[in-house]
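These protein sequence lines are chains A and B, in that order. The opening position of the first sequence corresponds to residue 1 in the numbering used here, with each subsequent residue numbered one higher. The opening position of the second sequence corresponds to residue 1 in the numbering used here, with each subsequent residue numbered one higher. Glycine residues also receive a C-beta, built at the ideal position from the N, C-alpha and C atoms. Treat the numbers as computed from the prediction; the structure is a model and nothing was measured.
2 protein chains.
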Amino acid sequence: MLHVAEAARVSVATVSAVLNGTATVSPELTQRIEQAIRDIGYKRNAIARSLKMGTTRTIGLTVPHITNPFFTDVVSVIQQAFDRAGYAVMLCCTDEDLNTQDDQIRLLLDRMVDGLIVARVGDGGILKGIVGDANVPVVLLDRLCEGVDTDAVVLDNQRAVFDAVTYLIHLGHRRIGYITGASDISPMHDRMIGYREALQAAGLPVAEELIRSGNFHEIDGYNATMQLLSLHDRPSAIFSANNPMVIGTMKAIRDIGLSCPEDISVACFDDFPWSDVFVPQLTTVAQPVQAIGEQAANLLLDRLAGNREAPPRKLVLKGRLMIRNSCRPLGALAQSVSA
Amino acid sequence: MLHVAEAARVSVATVSAVLNGTATVSPELTQRIEQAIRDIGYKRNAIARSLKMGTTRTIGLTVPHITNPFFTDVVSVIQQAFDRAGYAVMLCCTDEDLNTQDDQIRLLLDRMVDGLIVARVGDGGILKGIVGDANVPVVLLDRLCEGVDTDAVVLDNQRAVFDAVTYLIHLGHRRIGYITGASDISPMHDRMIGYREALQAAGLPVAEELIRSGNFHEIDGYNATMQLLSLHDRPSAIFSANNPMVIGTMKAIRDIGLSCPEDISVACFDDFPWSDVFVPQLTTVAQPVQAIGEQAANLLLDRLAGNREAPPRKLVLKGRLMIRNSCRPLGALAQSVSA
DNA sequence: AACGCTAATCTAAACGTTTCGAATGTGTCA
DNA sequence: TGACACATTCGAAACGTTTAGATTAGCGTT
């Protein structure tokens, strides 16, 4: 900027003024300055600007795994939204590990991000300290967090699973296996409630041996399914509460020599591009990823625009059951269908 | 830092010295300063540091679409690698649009990223200017770029498709449909050559009506497949040069009432987690995503470590044909198999 | 002609670091 | 005792912006 000022024979203040339009400067000087900028190929240094202004026009986004298609989609939407608003996005993957998440958040805070969108992990860790005192607004994504009272956008997980399991019950299933992730993660907790309530509403018992817990990965779904399928009185249907784990479920079914939906019905959480391409076409609970991403972005952008004092806002969106053909009717229902 | 200095009754220079270990300071002062840092809860301002040091410890990463599973995986690997090295990653999606890419790169450059990893789009645009004069090292990912002579890591696309198509030919296929993306993208160009050479090597004619071009999206694959399948003498196999497009291919086959592999064989580029879970299990060319991501990160980290003068390095990795059951043997071969 | 008003421009301080060179204190040696 | 080396600490400039307030010039009033 100094060079531009010299070339245009003005002060740096005047250059700054035309760059930002913060003061009226004569057409003559404006012209001279713009010419100098072009000649020199000057680009304003955003770091110096950030230092002075106290804002970086950058936000931090952390998710457990970007390879989980739900997060892939949401990250994509959020990135686009902030791009439109002139913000850059720093992406971090916490690998479902609390220490990693704490490190990442510190990294982001050190870099003075203007805001944070977090699909939290563990108990939230350092997050609890930040939301209270720091001046960087935080939006929780997908997962609420005890002790972190801030803006959030989540799904009505309980209702979504309730509907899915009720659907299985209506098909005639009585023993429905359930594979969940760590129950200290709010969606996992809520989904489990939905499962239990659906059974209870139908007057069915909740058999604890049908409930298996894993750590979100394919291998966990595989192991859980293996256990369920080797049960004395094995379930006729399995609901997997997470997408990567359902891959394991399908592989376990294949490896054990069974087939879906003939021998066992399968449904799961989170839709993905391939779910209706192959055989079987998977019945899933689709999350409104576009809306989730956009709402999260909007909540944060609103705070960034200055609305700091409004009380925390919690948005709860609805899932949608995508009925395909990975679940088959049982008993009398099966008769009437095949008749 | 000023507050810390005051609290510890020292100068800011001394605080900086203990923070960075750049000078010897007495145990006594060190102790007092560290105490003050804890008391105040001081965090060093990375922006001010960046301004002074001329480095942000942040890199920019742009990909066409993060929802393409190939890029999802590579982004994930790259993010992890830089995280380990203490760098933050700014992610941008260019949506396969050159103007968007130019905007994104400008955004990243404005923010003074220390380096850039780019899966380029179009003809590279602004990229050409940057590599020459700027002092930010650039690594090309997946796609080379005419006029941009810099570090790069790509696949041996030609060979990979050659092998895949040769495999189809060995199965007895003679008319093999080919669906490609824009041919100004180096991988698409090279893959096409691999296709043509495989046919020629087997003494087969290259039928231009079997080659269809799309814009990387599912819908393009769908339309292209529809056209191929309504050909008078339709192909017995289709190779799709890109992953999202093969979804369209599978959907078109389904919608037209055919089935894979009975009526038509399908193979495609890029493996993905579901490829061996459903029926049919897709035969794919798997890219070594882990290696690609790590090598790209290493090339850039090496430049960032100061190795600026080495001539551009181009890494070419090998793909691997994952043979599953979406391609069936034809003619005499089919006889011998079914016998 | 002196005055005040407005518009245009500039000077200089600030943002929070790093770092060079100077200053201070201490001990060693002739 | 003075000269010198060395270790420790500090003052102040610099990085490239923004911006409050000062300055200057031009112009209409009285």
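What residue range is occupied by the uninterrupted beta strand (DSSP E) comprising residue i?
i	result
Gly177 of chain A	Ile176 to Thr180
Ser186 of chain A	No beta strand (DSSP E) contains Ser186 of chain A, which is instead part of the alpha helix (DSSP H) from Ser186 to Ala201.
Arg303 of chain B	Looking at the DSSP string, Arg303 of chain B is not in any beta strand (DSSP E); the run it does join, the alpha helix (DSSP H), is Val289 to Leu304.
Ser213 of chain B	Ile211 to Ser213
Phe272 of chain B	Unbroken run through Phe272 of chain B: none, as it is neither H nor E.
Ser16 of chain B	Not the beta strand (DSSP E): Ser16 of chain B falls in the alpha helix (DSSP H), residues Val12 to Asn20.
Applying the criterion that 16 or more other CB atoms from any shown protein chain within 10 Å of the CB defines a buried residue, is residue i buried or exposed?
i	result
Pro27 of chain B	exposed
Asn243 of chain A	buried
His232 of chain A	exposed
Leu258 of chain A	exposed
Ser53 of chain A	Correcting the residue identity first, residue 53 of chain A is Met in this sequence and not Ser. Exposed, by the Cβ-count rule.
Ala221 of chain A	First, the residue type needs correcting, since residue 221 of chain A is Gly and not Ala in the sequence shown. Burial call: buried.
Val337 of chain B	Any reading at Val337 of chain B must be qualified, since the residue scores a pLDDT of 47, below 50, and its modelled position is unreliable; the value itself is stated next. Exposed, because fewer than 16 other Cβ atoms sit within 10 Å of the Cβ of Val337 of chain B.
His170 of chain A	exposed
Glu218 of chain B	buried
Asp151 of chain B	buried
Gly132 of chain A	exposed
Ser265 of chain B	buried
Leu2 of chain A	exposed
Pro205 of chain A	exposed
Leu38 of chain B	Reading off the sequence, residue 38 of chain B comes out as Arg, not Leu. Classification of Arg38 of chain B: exposed, given that the 10 Å Cβ count is below 16.
Gly21 of chain B	exposed
Contact criterion: CB-CB distance below 9 Å. Does residue i meet it with respect to chain B?
i	result
Asp95 of chain A	yes
Gly86 of chain A	yes
Met245 of chain A	no
Glu6 of chain A	no
Glu218 of chain A	yes
Phe239 of chain A	no
Gln101 of chain A	no
Arg347 of chain A	Examination of residue 347 of chain A is not possible in this model, given that chain A is present from 1 through 339 alone.
Val277 of chain A	yes
Asp270 of chain A	no
Arg254 of chain A	yes
Thr56 of chain A	yes
Met90 of chain A	yes
Asp83 of chain A	yes
Met250 of chain A	yes
Kindly give me the distance between the Cβ atoms of residue i and residue j, rounded to whole angstroms, as I take these residues to be in contact under 8 Å.
i	j	result
Cys260 of chain A	Thr284 of chain A	13 Å between Cβ atoms; not a contact.
Val121 of chain A	Gln101 of chain A	5 Å
Ile175 of chain B	Ser236 of chain B	The residue asked about is misnamed: residue 175 of chain B is Arg in this sequence, not Ile. About 6 Å; that satisfies the 8 Å criterion.
Ala88 of chain A	Met90 of chain B	5 Å
Val153 of chain B	Leu304 of chain B	At roughly 16 Å, the Cβ-Cβ gap does not stay under 8 Å, so Val153 of chain B and Leu304 of chain B are not in contact.
Ser326 of chain B	Gln281 of chain B	6 Å
Gly293 of chain B	Ala8 of chain B	44 Å between Cβ atoms; not a contact.
Leu51 of chain B	Leu107 of chain A	18 Å between Cβ atoms; not a contact.
Any beta-carbon of chain A closer than 9 Å to the one on residue i?
i	result
Ala48 of chain B	yes
Leu45 of chain B	As written in the sequence, residue 45 of chain B is Asn, which differs from the Leu given in the question. Closer than 9 Å: yes.
Arg111 of chain B	yes
Leu51 of chain B	yes
Met373 of chain B	The displayed coordinates of chain B run from 1 to 339. Any statement about residue 373 of chain B would go beyond what the structure contains.
Cys327 of chain B	no
Following the continuous alpha helix (DSSP H) through residue i, name the residue where it begins and the one where it ends.
i	result
Ile59 of chain B	Here Ile59 of chain B belongs to no alpha helix (DSSP H); instead the beta strand (DSSP E) covers Thr58 to Val63.
Leu98 of chain B	Leu98 to Asp110
Thr166 of chain A	Asn157 to His170
Leu29 of chain A	Pro27 to Ile40
Val77 of chain B	Pro69 to Arg84
Val4 of chain B	Leu2 to Ala8
Ala252 of chain B	Asn243 to Asp255
Lys52 of chain B	Ala46 to Met53
Ile219 of chain B	Glu218 to Leu229
Compute the minimum distance between the beta carbon of residue i and the heavy atoms of the ligand GTP, and state whether it is under 8 Å.
i	result
Asn215 of chain A	Within the structure as shown, the ligand GTP is missing, as the structure has no ligands at all.
So, do the region 138 to 150 of chain B and the region 87 to 102 of chain B have three or more beta carbon pairs nearer to each other than 8 Å?
no
Can you confirm whether the region 52 to 69 of chain A touches the region 104 to 124 of chain A when touching is taken to mean that 3 or more C-beta pairs between the two stretches lie within less than 8 Å?
yes
So does the region 319 to 327 of chain A actually touch the region 14 to 24 of chain B, counting three or more Cβ pairs closer than 8 Å?
no
Say whether the region 184 to 198 of chain B touches the region 246 to 253 of chain B, bearing in mind that this needs 3 or more beta-carbon pairs closer than 8 Å, one atom from each stretch.
Contact fails: fewer than three Cβ-Cβ distances are below 8 Å.
Check whether the region 282 to 296 of chain A and the region 68 to 88 of chain A are in contact - that is, three or more C-beta pairs closer than 8 Å.
yes
On the three-pair Cβ rule with 8 Å, is the region 213 to 233 of chain A touching the region 166 to 182 of chain A?
yes
Are the region 190 to 199 of chain A and the region 147 to 167 of chain A in contact at 8 Å, needing three or more beta carbon pairs?
Contact between the region 190 to 199 of chain A and the region 147 to 167 of chain A is present, because at least three Cβ pairs lie under 8 Å.
Would you be able to state if there are at least three C-beta pairs under 8 Å between the region 25 to 44 of chain A and the region 264 to 281 of chain A?
No, they do not touch.
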